[in-house]
Amino acid sequence: MVWSVDEARRFLEHLRAEDDPLYAAYVLILVLGLRRGEVLGLAWDCVDLGGEQLWISRQLTRVGGQLLHRETTKTEDSAAPLPLLGLCVSALRHRQWKQEDARKDAGARWQDSDLVFTTRNGTPIEPRNFNRAFEAYCRKAGVPKVRVHDTRHTCASLLAALDVHPRVAMRILRHSQISMTMDVYT
0 MVWSVDEARR FLEHLRAEDD PLYAAYVLIL VLGLRRGEVL GLAWDCVDLG GEQLWISRQL
60 TRVGGQLLHR ETTKTEDSAA PLPLLGLCVS ALRHRQWKQE DARKDAGARW QDSDLVFTTR
120 NGTPIEPRNF NRAFEAYCRK AGVPKVRVHD TRHTCASLLA ALDVHPRVAM RILRHSQISM
180 TMDVYT
């Protein structure tokens, strides 16, 4: 199941209106097609807001009951820099502010991890909790329930609606051929 551009917009507008701390995570999932583990494993040292790009070099997964922050990604192309569109940059800047507020509120309970998306105490977000939150946000935003992974398929439609050049979309979608990107776009 794939969301329409309007459904994705409604979902993101709902989260922004709620000032949800995971708003930027969902922007990255929808606009850049990041996988759940990639967005949860994203560290600030892989984000260049000034240069408007990020690198996916880690992922956060649960294996055998243990939460692992792996230095590998699903594909080799995942490690290539991705361009950050304006929406992504502003969402990540907002995330920095939210995280700094959380750090101040937590005080001595804060655990530094350099992760972009953390709990209010700085610890990694459990992948299952991320899924549960996503499902709850789908209900509250009034959009069809889809799996987090299914939002990757919405990404191409959003890029086209945002009038992103096909060559840039090719980098974001991690396609090796422009013809594949154009097929998805059309």
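Heads up: the sequence shown runs through residues 0 to 185, numbered per my numbering. We put the CB at the ideal spot given by N, CA and C, even for glycine. Please read these numbers as outputs of a predicted model, since none were measured by experiment.
* **Arg61 classed as buried or exposed, judged by whether at least 16 other C-beta atoms fall within 10 angstroms** => Start at 1 with the first residue of the sequence shown, and residue 61 comes out as number 62. Looking at its Cβ environment, which holds fewer than 16 other Cβ atoms inside 10 Å, Arg61 is exposed.
* Do you know how far the Cα of Ala155 is from the Cα of Glu134? -> Working through the sequence shown from its first residue, we reach residue 134 at position 135. Working through the sequence shown from its first residue, we reach residue 155 at position 156. Cα to Cα, Glu134 sits roughly 22 Å from Ala155.
* Asked: By Cβ distance below 7 Å, which residues in the same chain neighbour Cys87 in space, the five residues on each side in sequence not counted?
  -> Translated into positions along the sequence shown, residue 87 becomes position 88. Hits under 7 Å: Val26, Leu27, Val30 and Leu31.
* Would you check if the distance between the CB atom of Cys45 and the CB atom of Leu33 is smaller than 9 Å? => Your numbering for residue 45 matches position 46 in the sequence shown. Your numbering for residue 33 matches position 34 in the sequence shown. Against a cut-off of 9 Å, the Cβ pair of Leu33 and Cys45 comes out as no contact.
* Asked: Which partner residues does Ala42 have in the DSSP bridge list?
  -> Within the sequence shown, numbered from 1, the residue matching residue 42 stands at position 43. Ala42 pairs with Leu114.
* **Cβ contact check for the region 141-158 and the region 3-10: 3 or more pairs under 8 Å** => yes
* Asked: In chain order, what residues of the same chain lie with their CB nearer than 6 Å to the CB of Pro20, ignoring the 5 residues before and after it?
  -> Your numbering for residue 20 matches position 21 in the sequence shown. Lys97, listed in sequence order.
* To do: Could you say which of Leu158, His13 and Gly121 lies nearest to Ala107 if we only look at CA atoms?
  => Along the sequence shown, read from residue 1 onward, the residue named residue 107 stands at position 108. Minimum Cα distance to Ala107 is reached at Gly121.
* Would you list, in sequence order, the uninterrupted alpha helix (DSSP H) runs of no fewer than 4 residues that lie entirely inside the region 119-163? => 126-140 and 150-160
* To do: Could you check which residue in Gly36, Arg127 and Leu84 has the C-alpha nearest to that of Leu157?
  => For the purposes of this step, residue 157 is taken as the residue at position 158 of the sequence shown. If we check each option's Cα against that of Leu157, Leu84 comes out closest.
* So what's Val62 in DSSP terms, helix, strand or just coil? -> Stepping through the sequence shown from its first residue, residue 62 is reached at position 63. Looking at Val62 - three-state DSSP - the assignment turns out to be strand.
* C-alpha distance - Ser89 paired with Arg127, whole-angstrom precision -> For this step, residue 89 is matched to residue 90 along the sequence shown. For this step, residue 127 is matched to residue 128 along the sequence shown. Taking the straight line joining both Cα atoms gives about 27 Å.
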